[in-house]
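Novice: Sequential numbering from 237 applies to the sequence shown in this note's numbering.
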Amino acid sequence: MSTEIPKGGKAAMTLADADFAADRREHDVRSALGDYWDRVRSGELGALPAILGLGSLIVLFTVLRPDTFLSKGNIANLFTQALPITILAMGLVFVLLLGEIDLSAGVASGLCAAAMAKLMADSGQPWYVAVITAVAIGIVIGTAIGWLVAVVRIPSFVVTLALFLGLQGVTLRMIGEGGTVSVRDDVIVALANKNIPVGLGWALAVVCAVGYAASQLLRWRRQRARDLHSKPVELVIAQSAVVAAVLLFGTYLLSLDRAPSPFITLAGIPWGVPLVGVLLIVCTFVLGRTAYGRHIYAVGGNAEAARRAGINVTRIRISVFMIASGFAAISGIVAASRLNSVTPNSGSGNELLYAVGAAVIGGTSLFGGRGKARDAVLGGLVIAIIENGLGLLGTKAYLSFLITGVVLLFAASIDALARRRRSNTGR
237 MSTEIPKGGK AAMTLADADF AADRREHDVR SALGDYWDRV RSGELGALPA
287 ILGLGSLIVL FTVLRPDTFL SKGNIANLFT QALPITILAM GLVFVLLLGE
337 IDLSAGVASG LCAAAMAKLM ADSGQPWYVA VITAVAIGIV IGTAIGWLVA
387 VVRIPSFVVT LALFLGLQGV TLRMIGEGGT VSVRDDVIVA LANKNIPVGL
437 GWALAVVCAV GYAASQLLRW RRQRARDLHS KPVELVIAQS AVVAAVLLFG
487 TYLLSLDRAP SPFITLAGIP WGVPLVGVLL IVCTFVLGRT AYGRHIYAVG
537 GNAEAARRAG INVTRIRISV FMIASGFAAI SGIVAASRLN SVTPNSGSGN
587 ELLYAVGAAV IGGTSLFGGR GKARDAVLGG LVIAIIENGL GLLGTKAYLS
637 FLITGVVLLF AASIDALARR RRSNTGR
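See the structure below:
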């Protein structure tokens with residue numbers, strides 16, 4: 237049998253291969269978008285509701301308050317408002333991934349902040365000693381909660397409700413009824429009240445944008461090299477471009493001078509924003525790139541199956557409460573920085589409800605097994621925009637509570653309906 241290639245056949249094959257490659261690229265992108273739409277229809281909404289809600293709220297409040305909502309000063313204030321809730325929600329994501337709840341996270345943040353403030357004000361300890369002690373107290377609280385839930389087998393709702401009441405008593409004993417502890421350390425106060433230099437802010441934004449794009453492209457390359465399922469490179473590039481655009485545009489807005497007086501300059505990214513960025517990167521890496529993160533999802537999806545697979549379910553349960561309370565301590569420190577003080581009521585208000593709502597609005601399921609660290613950031617921005625926008629509209633307090641409650645109930649309803657849809661479609 238002759239294997240000779242006919243004259244012009246090589247060129248024809250090259251053209252055919254090129255056409256096939258182009259068709260495949262188009263098909264791959266089209267298939268990826270089709271697969272995403274199929275997942276959405278089957279109930280795997282991810283962060284889509286949060287992104288749509290974020291955009292809708294920005295448009296709504298811009299129309300209602302065009303002169304103030306998107307002003308330079310209000311944008312910076314919006315990010316500062318979101319800091320404590322976002323950090324608290326980020327820790328709660330770990331607990332929610334197991335289908336558990338931590339009702340004590342808010343008051344734990346207040347207790348840890350009170351301990352930090354007392355150490356600096358009364359004992360004269362440097363800020364880093366006070367911060368380390370506060371975070372350590374948070375981890376100890378989380379360890380106790382996790383032990384009672386995982387070993388003693390008391391439901392997390394009961395344990396954390398008891399600590400919600402008990403820790404308020406401890407904070408009240410530390411500070412005294414009606415008392416206030418001032419926070420005056422320059423480093424702590426700078427977290428929510430000072431800005432990083434504009435040049436440094438731009439450098440961080442560029443590094444983050446380039447780093448994100450490089451990590452996504454390297455991941456795509458490794459997947460292709462191992463013949464694993466991967467996104468089309470066009471979508472990877474588009475996703476990286478969107479993230480870079482958001483980072484650079486946000487940096488541009490925060491780098492504008494927002495001082496009310498021409499004699500002073502007030503510009504730059506608040507110091508708390510890079511802190512949230514670092515925590516987000518760490519949490520995303522832990523949940524997405526480590527065996528520990530995979531074990532959390534496994535336990536949240538089916539604890540018995542995870543146990544039979546050799547995963548130490550008890551250790552995982554204890555660890556997520558430790559993480560949640562540790563993040564609660566950081567959230568309390570940032571809240572104390574924003575207010576420049578700590579009171580007996582710190583953390584005992586709506587902070588916990590807003591944080592849980594932020595995680596759920598962002599896409600974390602209350603039923604466990606689904607969620608990402610980014611959900612806390614997206615949901616935290618949604619909560620902050622609602623609170624900020626209603627304040628600009630001069631809405632009465634009772635209406636603010638009602639509207640926020642309806643939004644949280646709507647987010648929980650979407651989560652429940654999406655779970656039912658996934659169950660019906662076998663996902």
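By construction, the Cβ of each residue, glycine as well, lies at the ideal position given by its N, Cα and C atoms.
Once you ignore the five residues that flank Pro242 on each side, which residues in its own chain have a CB closer than 6 Å to its CB?
Specialist: Reliability of the predicted coordinates at Pro242 is poor, the pLDDT of 47 falling under 50, and the value obtained from them is presented with this limitation in mind. Excluding residues within five positions, none has a Cβ falling inside 6 Å.
Novice: Could you tell me which of Val472, Gly291, Ser567 sits nearest to Ser451, measuring between CA atoms?
Specialist: Selected option, being the one with the closest Cα: Val472.
Novice: Whole alpha helix (DSSP H) runs in the segment 421-482 with 4 or more residues, listed along the chain?
Specialist: Those alpha helix (DSSP H) runs which fall completely within the segment 421-482 and span 4+ residues are 422-429, 434-461.
Novice: Kindly confirm or deny that the segment 360-379 and the segment 550-569 touch, where touching means at least three C-beta pairs closer than 8 Å.
Specialist: Result yes; three or more Cβ-Cβ pairs closer than 8 Å.
Novice: Span of the alpha helix (DSSP H) holding Val388?
Specialist: It is not in any alpha helix (DSSP H) - Val388 carries neither H nor E in the DSSP assignment.
Novice: How would you call Trp507, buried or exposed, if buried means at least 16 neighbouring beta carbons within 10 angstroms?
Specialist: Classification for Trp507: buried.
Novice: Between Leu269, Ser601, Ala560, Ile500, which has its C-alpha nearest Gly335's C-alpha?
Specialist: Selected option, being the one with the closest Cα: Ser601.
Novice: Closest by CA to Glu623, which one among Gly486, Phe637, Ala370?
Specialist: Measuring from the Cα of Glu623, the nearest candidate turns out to be Phe637.
Novice: Return the chain-ordered list of same chain residues with a C-beta closer than 7 Å to the C-beta of Val329, the five sequence neighbours on each side being excluded.
Specialist: Taken in chain order, the residues that qualify are Ala595, Thr600, Gly607, Ala609, Asp611, Ala612.
Novice: Report the rounded CA-to-CA distance for Val365 versus Gly625, giving the unit in angstroms.
Specialist: Cα to Cα, the separation comes out at about 38 Å.
Novice: What's the C-alpha gap between Gly605 and Val643?
Specialist: Looking at the two C-alpha atoms, the distance is approximately 23 Å.
Novice: Roughly how many angstroms lie between the CA atoms of Ile559 and Pro498, to the nearest whole one?
Specialist: Computed Cα separation, rounded: 45 Å.
Novice: Compare the Cα-Cα distances from Thr369 to each of Ala620, Ala647, Gly562 and report the closest residue.
Specialist: Nearest option by C-alpha distance: Gly562.
Novice: So, with DSSP's three-state summary, where would you put His263?
Specialist: Low confidence applies here, because His263 scores a pLDDT of 49, under 50, leaving its location unreliable and the question unanswered by this model.
Novice: Around the C-beta of Lys467, are 16 or more other C-beta atoms found within 10 angstroms, so that it is buried, or is it exposed?
Specialist: That one is buried.
Novice: What is the rounded straight-line gap between the Cα of Gly289 and the Cα of Val618?
Specialist: Roughly 7 Å separates the two Cα atoms.
Novice: Of the choices Leu575, Ala445, Phe485, whose alpha-carbon is the least far from that of Ile517?
Specialist: The shortest C-alpha separation from Ile517 is found at Ala445.
Novice: Work out the CA separation of Ala620 and Thr696 for me, nearest whole Å.
Specialist: The chain is shown only over 237 to 663; residue 696 falls outside these bounds and no answer can be derived.
Novice: So what does DSSP say about Pro320, is it helix, strand or coil?
Specialist: The answer is helix: DSSP assigns Pro320 an H, G or I state.
Novice: Going by DSSP, what residue range makes up the alpha helix (DSSP H) through Ser292?
Specialist: Taken as a continuous stretch (DSSP letters only), the alpha helix (DSSP H) holding Ser292 covers 284-300.
Novice: If you drop the 5 nearest sequence neighbours on each side, which residues of the same chain put their C-beta closer than 8 Å to that of Glu413?
Specialist: So the qualifying residues of the chain are Pro580.
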